[in-house]
Structures are given as structure tokens and as C-alpha cells.
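S.K.:
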Amino acid sequence: MTEAQRTYFLRTFGCQMNEHDSERMAGMLEAEGYVAATGPEDASVVLFNTCCIRENADQRLYGNLGHMKALKDKRPELRIVVGGCLAQKDKQAIQERAPYVDVVLGTHNLASLPRLLRASETEPAFEILEQTEVFPSALPARRFSPWHAWVSISIGCNNACTFCIVPAVRGPEISRRSGEIADEVVRLAADGVVEITLLGQNVNSYGRDLDGTPMFSKLLRVLDEIEGVERIRFTSPHPKDFRADTVAAMAECRSVCEHIHLPLQSGSDTCLKRMKRAYTRRKYLDKVTMIRKAIPDVAITTDIIVGFPGETEEEFQDTLSLVEEARYDAAYTFQYSPRPMTAAADLPDKISKEVVQERFERLISLQEEISLERNVRMVGGTQEVIVEGVSKKNPGRLSGRTRTNKVVHFDSDGAPEGSFRTVRITGGHPHHLKGEVVGTSREPAPRRTLKLPLISSPASR
Ligand code: SF4
97 MTEAQRTYFL RTFGCQMNEH DSERMAGMLE AEGYVAATGP EDASVVLFNT CCIRENADQR
157 LYGNLGHMKA LKDKRPELRI VVGGCLAQKD KQAIQERAPY VDVVLGTHNL ASLPRLLRAS
217 ETEPAFEILE QTEVFPSALP ARRFSPWHAW VSISIGCNNA CTFCIVPAVR GPEISRRSGE
277 IADEVVRLAA DGVVEITLLG QNVNSYGRDL DGTPMFSKLL RVLDEIEGVE RIRFTSPHPK
337 DFRADTVAAM AECRSVCEHI HLPLQSGSDT CLKRMKRAYT RRKYLDKVTM IRKAIPDVAI
397 TTDIIVGFPG ETEEEFQDTL SLVEEARYDA AYTFQYSPRP MTAAADLPDK ISKEVVQERF
457 ERLISLQEEI SLERNVRMVG GTQEVIVEGV SKKNPGRLSG RTRTNKVVHF DSDGAPEGSF
517 RTVRITGGHP HHLKGEVVGT SREPAPRRTL KLPLISSPAS R
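If you're matching positions, the sequence shown starts at 97 in the working numbering and goes up one per residue.
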């Protein structure tokens, strides 16, 4: 196969961290001369960047690999690569279940992709490391959006939530130097990026491993000073580490969006204890109150697990009552499934599928009522929206997103992706808003922060 024919097709499963890593995988391949293919059929390399947080992620990967077998039989020169969390956890299983896979690499050695791909020309190259070689953000990236970028501020996690496999597959928390992060954001802004999402498993503990104290709020203030970046988002904070200094930075920094994703998981103190979440229902609700007081019209979203081992009806009722009180704009609800390498997998008193399903439906129905109420309240007001593209259901309409992270559909005025529109909200639904364009440009809000020096000089770890 000639250089000119080298093409890749990349499929990403899972969370935003995987989206970020996939942009790096694509960037490294493009630096080697590969170009993107439209599908696996016309690619010389097919990559799967996997996730193992949820059970069906395994099934989806093996389903996809099953389809690749026929393609590999037809074109033995095709290279199949599996990376990400599932590869980190399951190298052996992938070898056994899909022996035609050419390259397996884990979460700690993303940078090895070009080398392993070259090595696989003679024999399969499987390599999993226990420690990170190169911070993934330092690798070349091919961004999938011209106006939005993922910016990783830390990798790994030092917590021990009993349902979560992340610490086992992503390792302990390592923060990236703030100067390095700021440099990346300056480059992104110069490249036309108007919105960034800061990524970390627990963004609020950012910096603890660098200077012994969390520095997330300082980082927000530093990044807010960078010209050109109009919106800063972050995911995810851990409620136990979410403090007043972060809320103050959010309230004061003009580019930090009025949206917080604050994962709850359960509203019951006893269940939270079994989950090892290190906060109580009361402490969580106090943080919600603090946020709402400081940031009027903030949108708060969450994650909730239904059917954690031993969850009683009473404990579930505590979750429902907390949802009533917190008034989330949206909740990502999950039915518990045991993950290998997690403490909860060994807990007794698993909840039957029927009970989990019935609780799940009650929770969704309550949350939909609240989401509807929150969205209907916005009708008649105006929102600044970034256009994300043509609506999937109606090519005559555009879809955009408010600063509060709500999706708005409106009649197209031909606005290109990444442009700003002022939209009057005309309808509220549980999962989206409807609106009409009333303005085509915006004046940036005045800066409200003091000039601050960078926290530390650029340095690589
Ligand atoms: S904070 Fe808990 S849920 Fe989040 S990544 Fe760490 S262990 Fe997993």
C-alpha cells in the first residue's frame, strides 16, 4: 500500500475523555500521513477507542470487532487497533476473542500508536503500561470541531468510588501544569476556538499533586483572561471537593458558563456510604444552595445510579426527594451494572432487574417533569446560542446550545457552525428548547476579573 493510500477510520466509545484521546489518535495518524476515511470499508487502519465504564460498552466493542472479521478476511493488510479503557483492562480477552486484532494499546501509552502500528506490519503489537508515558494533551491533535476543543487538565483519579473502574484503568491523578494548559488555550483561541471544555475525572482537586493545594478556581481565572475564548465549561467536579472559591470564580469570570454538572449518584446517606462518595445528602444539598445563590439562572445537571447493591425502597425514596429538592435541569440516569475490578462488584444484595427497571422509570418520570418545568420557565426570554449545525430531524432548522448547556432548535438563517446568535425562546420541552433568531451578533460581556499571573511556568511533566 502506498503512502497516498493510507487512510484511517476511528470509532469512539464512552466519555469526553475518550473523545479527547481520539482527537490525539487522529492527530498522530495525520502527522504520519494518514487521511480520514469515510468508513471501515475504505480504511487501511480501523481504530476503536474503547470504554469500560458501562457493561454495554464491552458488548458494543465485541459486536464491532465481529463485523471487522469479514473485512480482515477479505483484506488481510487491514490493520485493526483497539485502544482505551477496555483495552487497558482486557488485553488478554481481546487477544482471545478477536485474534485478528493487530494492535492493542492502553490508556497510558497513547503516544505509542505510530510505533505499534509500524511494528504490527510483521506481528501483532499488544502493549499495556501501568504508568503514563506522555501526557495525552502534549500529543498532536486533529480536532473534530473547528470552534470547540477538549482541554485535559488532569488524568486519573485518587478517589475510590466503589462502583467505578476509572482509578483501575486510568491510574492515580496527575495534574498538568497550568502554564502548559494556558499555552494550549491561547493556541486554540488563535485557531478560532471559542469554547473549551476542561476535562478531568475530578476537576476540583486539580493541582493538589502539584502544589499540595487544589488550584482549580485559580486556573479558571487564568483561562478567563485569554482573549477569544468566549465559553469555558468543565467536567466533572466531585461534590466533596466543590468549594466556595470555585463558585466565586464561576460567578465572576465572564467566560465560565452558568452550568454545573454535579454527579449525585444517590440521595441516601447509607447508599452514599456504600458507594464511598465521601459526602452526605445534606452536604450535597448545601452545595446546590450555595451555587444557586451565587449564580442566578445556573443550570445544574447530575448523574444518578439506580439499583446500587443493597438499595432499599427507602433509600431510593431519598434519591427521589433529593431530586425534588435540587430541581436539576437534567439528570443522566443509569441502572447499576457490576464492573470487574470494582469493590461494589463483590457487595451482596444485588437488586433484581424488575425492581431496578421500575425505580428507573419512576426517577425518569420525575426528572422529566422537573426538566420541563425548568425549560418552560425560559420561554419569552432571550439566550445567546452557539450554532452547532443543522438539526438532525429538520434540515431547515439549526441546533445550538445556550451557556447553560441547553439545546435550542430554531429556523435556519444560514448561520455557520460556531457562530453566535441571540435567540428568543418560544417553547420549552423536557430535553430541548425551541426559539427564533432575534440577533446575529453579540458584544462580548465586559471582563470582571483582575489580571492574574499564570500559576506556574510552562513545564512538562
Ligand atoms: S471520582 Fe469516583 S466516579 Fe469519578 S472517576 Fe473517580 S472513582 Fe470514578
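Note that the Cβ used here is the ideal one computed from N, Cα and C, for glycine as well.
By Cβ distance, which residues of its chain are closer than 7 Å to Ser79, with the 5 residues on each side in sequence left out?
M.R.: The displayed coordinates of the chain run from 97 to 557. Any statement about residue 79 would go beyond what the structure contains.
S.K.: Mind listing, in chain order, the continuous alpha helix (DSSP H) runs of no fewer than 4 residues lying wholly within the region 363 to 418?
M.R.: The qualifying runs are 365 to 371 and 377 to 390.
S.K.: Quick one: residues in its chain with C-beta nearer than 8 Å to the C-beta of Pro335, no 5 flanking neighbours on either side, listed in chain order?
M.R.: So the list reads Leu358, Pro359, Leu360, Arg373, Tyr375, Lys379, Tyr380 and Lys383, once near-sequence residues are dropped.
S.K.: From Arg350 to Tyr428, what does the alpha carbon distance come to, in whole angstroms?
M.R.: 27 Å
S.K.: Could you tell me the alpha carbon to alpha carbon distance between Pro242 and Glu410, rounded to whole angstroms?
M.R.: Cα-Cα distance, rounded: 48 Å.
S.K.: Pull up the distance between the alpha-carbon of Met448 and that of Ala183, whole angstroms please.
M.R.: According to the sequence shown, residue 448 is Ser rather than Met. Near 30 Å, if we compare the C-alpha coordinates of Ala183 and Ser448.
S.K.: Does the region 435 to 451 come into contact with the region 486 to 497, if we say contact requires no fewer than three beta-carbon pairs (one atom in each stretch) closer than 8 Å?
M.R.: no
S.K.: Going by alpha carbons, who is nearest to Ala153 out of Arg517, Tyr424, Val519 and Ser433?
M.R.: Looking at Arg517, Tyr424, Val519 and Ser433, the one whose alpha-carbon comes closest to that of Ala153 is Ser433.
S.K.: Specify, as a first and last residue, the run of the beta strand (DSSP E) that Ala427 falls within.
M.R.: Ala426 to Gln431
S.K.: Helix, strand or coil for Thr522, going by three-state DSSP, please let me know.
M.R.: Three-state DSSP puts Thr522 in a strand.
S.K.: Hey, how far is the Cα of Ala422 from the Cα of Asp414?
M.R.: 12 Å
S.K.: Of the residues Thr536, Thr478, Glu420 and Gly403, which one's Cα is nearest the Cα of Ala511?
M.R.: Thr536
S.K.: Count the other C-beta atoms from every protein chain shown that fall within 10 angstroms of the C-beta of Asp117, then say buried if there are 16 or more, exposed otherwise.
M.R.: buried
S.K.: Can you grab the Cα-Cα spacing for the pair Ala286 / Glu323, in whole Å?
M.R.: 9 Å
S.K.: Can you grab the Cα-Cα spacing for the pair Asp169 / Pro136, in whole Å?
M.R.: 14 Å
S.K.: Is Cys257 near the ligand SF4, in the sense that its beta carbon is under 7 Å from a heavy atom of that ligand?
M.R.: yes
S.K.: Using a Cβ-Cβ cut-off of 6 Å (strictly less than) and excluding sequence neighbours within five positions of Lys502, which residues of its own chain qualify?
M.R.: Leu529
S.K.: Return the CA-CA distance between Arg156 and Val177, expressed in angstroms with no decimal places.
M.R.: Cα to Cα, Arg156 sits roughly 15 Å from Val177.
S.K.: How would you label Arg317, buried or exposed, when you count the other beta carbons within 10 angstroms and need 16 or more for buried?
M.R.: buried
S.K.: Below 8 Å on the Cβ atoms is my guess for Ser233 versus Glu280; work out the distance and round it to an integer in Å.
M.R.: 7 Å
S.K.: Indicate whether the contact test is met: 3 or more Cβ pairs, each with one atom in the region 256 to 266 and one in the region 212 to 224, closer than 8 Å.
M.R.: no
S.K.: For Pro195 and Ile328, what's the separation of their Cα atoms in angstroms?
M.R.: 43 Å
S.K.: To the nearest angstrom, how far is it from the Cα of Lys187 to the Cα of Leu201?
M.R.: 8 Å
S.K.: Who are the near neighbours of Leu468 in its chain, counting only those whose CB is closer than 6 Å to its CB and skipping five residues on each side?
M.R.: Pro526
S.K.: Using a Cβ-based criterion (distance less than 7 Å to any ligand heavy atom), does Gln188 qualify as near the ligand SF4?
M.R.: no
S.K.: Give me the Cβ distance between Asn205 and Leu225, rounded to the nearest whole Å; I'm assuming they're in contact under 8 Å.
M.R.: The beta carbons of Asn205 and Leu225 sit about 5 Å from each other, so the pair counts as a contact at 8 Å.
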